[in-house]
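Chains as they are written, first to last, in the working numbering: chain A, 117 to 346; chain B, 117 to 346.
To start, the structure under review is shown below, and the notes come after it.
Protein chains: 2
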Amino acid sequence: MSANILVVEDEPAIQELLALNITQAGHHPIRALSAEIAHDLMRETIPDLILLDWMLPGINGLEFARKLKSDALTKNIPIIMLTARGEEYDKVRGLEVGADDYVTKPFSPRELNARIKAVLRRRAPQMTDDPIEFNGLRLDPTTHRVIGNQKTIDLGPTEFRLLHFFMSNAERVHTRSQLLDKVWGDRVFVEDRTVDVHIRRLRNALSVSGHEDLIQTVRGAGYRLSAQNS
Amino acid sequence: MSANILVVEDEPAIQELLALNITQAGHHPIRALSAEIAHDLMRETIPDLILLDWMLPGINGLEFARKLKSDALTKNIPIIMLTARGEEYDKVRGLEVGADDYVTKPFSPRELNARIKAVLRRRAPQMTDDPIEFNGLRLDPTTHRVIGNQKTIDLGPTEFRLLHFFMSNAERVHTRSQLLDKVWGDRVFVEDRTVDVHIRRLRNALSVSGHEDLIQTVRGAGYRLSAQNS
DNA sequence: TGATAGTGTGACAAATTCATGACAAAAATT
DNA sequence: AATTTTTGTCATGAATTTGTCACACTATCA
């Protein structure tokens, strides 16, 4: 639904325009004038999408994209490249480093939003009532049951919602504040570290079926549910 | 588990495609080229699900959905909205009028069928007048009698309806307000906690035949009728 | 090798949630 | 009208859940 979109663009006027569009589309823009700034901002909030200018002072768009994609922490974040008309843009190289789409400046708001929407839709699993299975672990929201390897796993309400969210959004890193938003709800005032405790409780409960290391810690960022244990 | 699915779509080619998909999924399509036609068709057969195009000649999809949801007869029919890509679709407004899901065109048959299946599964089975048996417990709606292990179980009216509902919707967790809606009726002003008391009375009555722990409480969620006691 | 920031863990008190018995009002039955 | 049954609510105590803290542990980097 609403997404955090990181805008990496060195020209203030264009950045402003992008931010405006994003806001009007119901999303939340995070602005960065350079790749370096963007990198710092991502320590706080991991965005759902990155709008990345092709030409940037310092580290350019291509390099930055490559860097993002080589980091396990950020490699799953979709990237839309921005290129100036006439600028020679090598689509192949763009796709090579993992850009999901690209837009040429000057762009129409309609086109930009359509592409943002398309990219976000591709990777925005909702939390539904459908049963989810992941790596031998099955969660059924309607019966409120979690079963792993024939063993029933007993969870408290918060742990259940937490696991439900993780299984609905597997393989992605979630910051503590994102988890608080999505699992606890909007209007809570709860310490970030409380998430850690619930993660431990969830892991502990999952150890009944040997799924305890399904939830992995990503140092400096948050947590992730993934099958690969590395 | 075949269902009647009303397809409201003005473009014949797409309608044909939808109907084909529905048939292949083992359901029965009912076609309408407009909301008006759909409305007439519903006099004959009330469908289990409506596929509703967002843009329609005459009454559009949004209006029609709102109309359906305001009518007691049709308000419980789930709706899946169809939107063309790029068409600006306001998900919030869609959900506001009660659409259960939406699919953007062009859609893949796989995706469409998955959503149809999900929505149909989600719909709670109705309480019928057919006798139900569950785990050695038999309930006959017509004679208003409940028998468990050769022993007659004596229930008050509310407890009977409660058990009837549970047995019609076994294994599934029901919140207190859901139970109030389904068992007590729509127009009651009754405390949530009252449900607890009736659950206890029902459990107490069921203990005559040793079925007392057939009804389980799911902390933070509600109650569930299930054979597995864990 | 330390120093440092980030994370895991056990403990604990507060808060929440649920089961239960009691009771009076309402409804049904006699 | 009297009696019995049913129903909704409350108070209470038990059980579980939850948020936080202090401290142990670990990865990372100078």
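Every residue, glycine too, gets a C-beta built ideally from N, C-alpha and C.
As the structure is a prediction and not an experimental result, all values here were calculated from the model.
Indicate the three-state DSSP secondary structure (helix, strand or coil) for Leu228 of chain B in the structure shown. Locating residue 228 of chain B in the second sequence gives position 112, where the first residue counts as 1. It is helical.
Are three or more beta carbon pairs between the segment 253-263 of chain B and the segment 294-304 of chain B nearer than 8 Å? no
Please list the residues of the segment 329-343 of chain B that have a C-beta atom closer than 9 Å to any C-beta atom in chain A, keeping them in chain order. Val334, Arg335, Gly336, Ala337, Gly338, Arg340, Ser342
Given Asp169 of chain B, which residues of its chain have a CB within under 7 Å of its CB, disregarding the five upstream and five downstream residues? Along the second sequence, read from residue 1 onward, the residue named residue 169 of chain B stands at position 53. Closer than 7 Å at Cβ, skipping near neighbours: Val124, Glu125, Asp126, Gly177, Leu198.
What residues are listed by DSSP as bridge partners for Glu249 of chain A? For the purposes of this step, residue 249 of chain A is identified with residue 133 of the first sequence, where counting begins at 1. Answer by DSSP bridge pairing, in chain order: A:Arg254.
For His155 of chain A and Val289 of chain B, the rounded distance between their alpha carbons: Taking the first residue of the second sequence as 1, we reach residue 289 of chain B at position 173. Taking the first residue of the first sequence as 1, we reach residue 155 of chain A at position 39. Straight-line Cα distance between these residues: approximately 45 Å.
Is the Cβ-Cβ distance between Ala135 of chain A and Leu236 of chain A less than 7 Å? The sequence position of residue 135 of chain A within the first sequence is 19, counting from 1. The sequence position of residue 236 of chain A within the first sequence is 120, counting from 1. No, the pair does not count as a contact, with Cβ atoms beyond the cut-off.
DSSP state of Val299 of chain B, grouped into three classes? Counted from its first residue, the second sequence places residue 299 of chain B at position 183. Correct three-state label for Val299 of chain B: helix.
Can you give the Cα-Cα distance for Ser293 of chain A and Glu307 of chain B, rounded to whole angstroms? By 1-based counting over the first sequence, the position of residue 293 of chain A is 177. By 1-based counting over the second sequence, the position of residue 307 of chain B is 191. Spanning the two alpha carbons is a distance of roughly 35 Å.
Check for me: the alpha helix (DSSP H) holding Arg335 of chain A runs from which residue to which? As a first step, residue 335 of chain A must be located in the first sequence, where it is residue number 219. No alpha helix (DSSP H) holds Arg335 of chain A; DSSP gives it neither H nor E.
Measure from the C-beta of His260 of chain A to each C-beta in chain B and report whether the shortest distance is under 7 Å. By one-based count along the first sequence, residue 260 of chain A stands at place 144. For His260 of chain A, the answer is yes, since a Cβ of chain B falls inside 7 Å of its Cβ.
Closer than 7 Å by beta-carbon distance: list the chain A residues that pair up with Glu160 of chain B, in chain order. Here residue 160 of chain B refers to the residue found at position 44 of the second sequence. In chain order: nothing, as chain A lies at least about 31 Å away.
Taking Pro273 of chain A as part of the alpha helix (DSSP H), name the residues at either end of that continuous run. What you label residue 273 of chain A is simply residue 157 of the first sequence in a count that begins at 1. Where Pro273 of chain A is concerned, the enclosing alpha helix (DSSP H) stretches over 273-284.
Taking its Cβ as the centre, do 16 or more other Cβ atoms sit within 10 Å of Asn137 of chain A, making it buried, or is it exposed? Walking along the first sequence from the start, residue 137 of chain A turns up at place 21. So Asn137 of chain A ends up on the buried side.
Taking the Cβ atom as the reference point for each residue, do Pro273 of chain A and Gly336 of chain B lie within a distance shorter than 7 Å? Counting from 1 along the first sequence, the entry for residue 273 of chain A is found at position 157. Counting from 1 along the second sequence, the entry for residue 336 of chain B is found at position 220. It is a contact, given that the beta carbons lie within the stated cut-off.
Interface residues of chain A facing Glu227 of chain B [CB-CB closer than 7 Å]: The count along the second sequence starts at 1 and reaches residue 227 of chain B at position 111. Chain A residues near Glu227 of chain B: none, gap ~11 Å exceeds 7 Å.
Short of 7 Å in beta carbon distance, which residues of its chain neighbour Ile248 of chain B, apart from the five on each side in sequence? Order them along the chain. For the purposes of this step, residue 248 of chain B is taken as residue 132 along the second sequence, with counting starting at 1. Closer than 7 Å at Cβ, skipping near neighbours: Leu255, Met283, Ser284.
Beta-carbon of Ala234 of chain B versus every beta-carbon of chain A: anything under 7 Å? Within the second sequence, residue 234 of chain B is the residue found at index 118, counting from 1. Yes - at least one Cβ of chain A is within 7 Å of the one on Ala234 of chain B.
Within the 7 Å Cβ cut-off, does Pro128 of chain A reach chain B? Translated into positions along the first sequence, residue 128 of chain A becomes position 12. Closer than 7 Å: no.
Taking all protein chains shown into account, decide if Leu189 of chain B is buried (16 or more other Cβ within 10 angstroms of its Cβ) or exposed. Indexing the second sequence from 1 puts residue 189 of chain B at position 73. Result: exposed.
Interface positions of the segment 281-308 of chain B facing chain A (Cβ-Cβ less than 9 Å), listed along the chain: Glu287, Arg288, Val289
Excluding the 5 residues flanking Arg319 of chain A on each side, which residues of the same chain have their C-beta closer than 7 Å to its C-beta? Along the first sequence, read from residue 1 onward, the residue named residue 319 of chain A stands at position 203. For Arg319 of chain A, where only same-chain residues beyond five positions count, the Cβ hits under 7 Å are Glu328, Ile331.
Could you work out which residues of chain B lie near Asp245 of chain A, taking near to mean beta carbons separated by less than 7 Å? Position 129 of the first sequence holds residue 245 of chain A. Within chain B, the residues near Asp245 of chain A are Arg238.
Helix or strand or just coil, what does DSSP make of Ile263 of chain A? Within the first sequence, the letter at position 147 stands for residue 263 of chain A. Looking at Ile263 of chain A - three-state DSSP - the assignment turns out to be strand.
Can you tell me the Cβ-Cβ gap for Glu287 of chain B and Arg239 of chain B, rounded? I've got them flagged as a contact below 8 Å. As a working note, residue 287 of chain B is residue 171 in the second sequence. As a working note, residue 239 of chain B is residue 123 in the second sequence. Wrong, their Cβ atoms sit about 15 Å apart, outside the cutoff.
Which residue marks the beginning of the beta strand (DSSP E) containing His143 of chain A, and which one marks its end? The count along the first sequence starts at 1 and reaches residue 143 of chain A at position 27. Premise fails: His143 of chain A is in no beta strand (DSSP E) and is neither H nor E.
Tell me the rounded alpha-carbon separation between Glu152 of chain A and Ala181 of chain A. For the purposes of this step, residue 152 of chain A is taken as residue 36 along the first sequence, with counting starting at 1. For the purposes of this step, residue 181 of chain A is taken as residue 65 along the first sequence, with counting starting at 1. When rounded, the distance between both Cα atoms is 12 Å.
Between the beta-carbon of Val324 of chain A and the beta-carbon of Lys267 of chain A, is there less than 7 Å? By 1-based counting over the first sequence, the position of residue 324 of chain A is 208. By 1-based counting over the first sequence, the position of residue 267 of chain A is 151. Result yes, Cβ atoms of Val324 of chain A and Lys267 of chain A sit closer than 7 Å.
Mind checking if Pro163 of chain A is an interface residue toward chain B, Cβ cutoff 7 Å exclusive? Working through the first sequence from its first residue, we reach residue 163 of chain A at position 47. Pro163 of chain A does not count as touching chain B.
Cβ distance (whole Å) where Leu184 of chain B is taken to contact Ile196 of chain B below 8 Å: On the second sequence, position 68 is the one that residue 184 of chain B refers to. On the second sequence, position 80 is the one that residue 196 of chain B refers to. That pair is no contact at about 13 Å.
Between Thr333 of chain A and Ala148 of chain A, what straight-line distance do the alpha-carbon atoms span, to the nearest angstrom? Position 217 of the first sequence, counting from 1, holds the residue named residue 333 of chain A. Position 32 of the first sequence, counting from 1, holds the residue named residue 148 of chain A. Computed Cα separation, rounded: 27 Å.
Is it true that the CB of Glu275 of chain A sits closer than 7 Å to the CB of Arg316 of chain A? Residue mapping note: residue 316 of chain A aligns to position 200 of the first sequence, counting from 1. Residue mapping note: residue 275 of chain A aligns to position 159 of the first sequence, counting from 1. No, the Cβ-Cβ distance between Arg316 of chain A and Glu275 of chain A is not below 7 Å.
Kindly indicate if chain B contains any beta-carbon less than 7 Å away from that of Pro273 of chain A. Within the first sequence, numbered from 1, the residue matching residue 273 of chain A stands at position 157. Judged by the 7 Å Cβ criterion, Pro273 of chain A is in contact with chain B.
Please report the straight-line C-alpha distance between Thr257 of chain B and His314 of chain B, rounded to a whole angstrom. Reading the second sequence from its first residue, position 141 is the one you call residue 257 of chain B. Reading the second sequence from its first residue, position 198 is the one you call residue 314 of chain B. A small fix is needed here, since residue 257 of chain B is Pro in this sequence, not Thr. Rounded to whole angstroms, Pro257 of chain B to His314 of chain B spans 19 Å at the Cα level.
Does any heavy atom of the ligand ZN sit closer than 6 Å to the C-beta of Glu125 of chain B? Although the ligand ZN was asked about, the structure shown includes no ligands whatsoever.
Kindly indicate which residue of B:Asp297, B:Asp216, B:His144, B:Met171 has the alpha-carbon position closest to the one of Thr161 of chain B. Here the question's residue 161 of chain B lines up with position 45 in the second sequence. Of the listed residues, the one whose Cα sits closest to Thr161 of chain B is B:His144.
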